[in-house]
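Have a look at the structure below, then the notes.
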Amino acid sequence: MNIFLHTAIPFPSPFAFPKISSTIISKPVKACAAVCCLGLEGHGNSKMSEEMLQPVKSVQEKKHNDIWQLFSEAWQNIMFLNNQRMVAMEELDKMKRENEILLDRIEQLEMKKQNSCGKGDRLFIKSDLLPRIDSMVLTGMISTGEAAGLRMMILDSKVSVADDFSDIHHKNDAELLAELRHFSDKCKKKCFHIVHVCTEMEPVIPVGSLASYVTGISCALQRKGHFVEVVLPKYAGLILDEVQGLREIEAEFYSYFNGQLHNNKIWT
């Protein structure tokens, strides 16, 4: 009976434990190694991707900074040009105002010169002409009777000699005597009393100033020895403050037009 008991209880083989232990030990070791390798490979790939993305990010940031810098420089240039334009416009307006003031000043000086020319220059020219006529008598160029007639013509207040004898210092006695005789013959002619009535000048003078046109005609006629008067209607745009040398007549004058009487003011 003992024999059968011993044979019935199996005894493990001496070669079975190593096999079981080897299989049990080897499998966990291989799994850990695989997991560790995968973890190392994933960490390396993330580092490589970050290293590869860093140059791309730096390039993009540099482009963004360059674009922003160009935009800011362009904006500064626009603001600078705008300021320069404003300064230039202010300078232009200032020059225009100064030019207008200068033109007004020139017109005032010309009017003063014209007013003073009637007295100072006429007396100066007359004082030069009279001794020249005396010298012509002494040299025998003219007789005393002709010289007396020339003196009376020069001293006559109605005769203007300033325009015709303004440069007598550059002429000799013969040239001056010829001009004096020509001027005397012109003064002896019958003069006209010319009344220039200014109404609508647009058909005659489409562009330009009415005052310069009328003044030029009047001066040319006066140099011919004629007596000129100008009748100028009061236009709506006439600046009365600029009218000089005229006096308003304190009387009532009426004109009949289109079936009605109109009150008029007259300056002389």
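The sequence shown begins at 1 in the UniProt record's numbering and counts up one residue at a time.
Here a beta-carbon is modelled for each residue, glycine too, at the ideal position from N, C-alpha and C.
Predicted, not measured: the structure shown is a model, and the values here were computed from it.
Assignment of residue 78 by DSSP, reduced to helix, strand and coil, places it in the helix class. Burial check for residue 133: the Cβ neighbour count within 10 Å reaches 16 or more, so the residue is buried.
Taken through DSSP and simplified to helix, strand or coil, residue 64 comes out as helix. Beyond the five residues adjoining it in sequence on each side, residue 143 comes within less than 8 Å, by CB distance, of 137 in the same chain, given in chain order. By the beta-carbon neighbour count (other beta carbons within 10 angstroms, threshold 16), residue 106 is exposed. In the three-state DSSP reduction, residue 217 falls in the helix class (H, G or I). In the structure shown, residue 226 adopts coil according to DSSP, grouped into three states. At a Cβ-Cβ threshold of 8 Å, residue 101 and residue 129 do not count as neighbours. Between residue 227 and residue 193, the beta carbon gap of about 5 Å places them in contact (Cβ cut-off 8 Å). Residue 152 is not a Cβ neighbour of residue 177, given a cutoff of 8 Å.
Just measuring C-alpha positions, the residue of 266, 173 and 112 sitting nearest residue 131 is 173. In the structure shown, the three-state DSSP call for residue 264 is strand.
Looking at the DSSP output, residue 196 bridges to 230.
Of the candidates 266, 260, 257 and 261, 266 places its Cα closest to the Cα of residue 251. If you draw a straight line from the Cα of residue 95 to the Cα of residue 77, it is about 27 Å long. Here residue 231 is not near residue 214, since their CB atoms are 8 Å or more apart.
With respect to the 8 Å criterion, residue 264 and residue 257 are not classified as neighbours on the basis of their beta carbons. Within the model, the alpha-carbon separation for residue 104 versus residue 66 is close to 57 Å. Rounded to the nearest angstrom, the gap between the Cα atoms of residue 89 and residue 108 is 29 Å. In the DSSP assignment, residue 255 falls within the beta strand (DSSP E) that extends over 253-257.
Separation of residue 150 and residue 261 (C-alpha to C-alpha, rounded to the nearest whole angstrom) is 52 Å.
Residue 80 and residue 71 have their C-alpha atoms spaced approximately 14 Å apart. Per the coordinates, the alpha-carbon of residue 220 lies some 12 Å from the alpha-carbon of residue 212. Secondary structure note for residue 144: its alpha helix (DSSP H) is the uninterrupted segment 144-155.
Cβ contact annotation for residue 184 (same chain, cutoff 8 Å, sequence separation greater than five): 149, 150 and 153, in chain order.
In the displayed model, residue 100 falls within a helix according to three-state DSSP. Here residue 92 is exposed: its Cβ has fewer than 16 other Cβ atoms, across all protein chains shown, within 10 Å. When secondary structure is reduced to three states using DSSP, residue 248 falls in the strand class.
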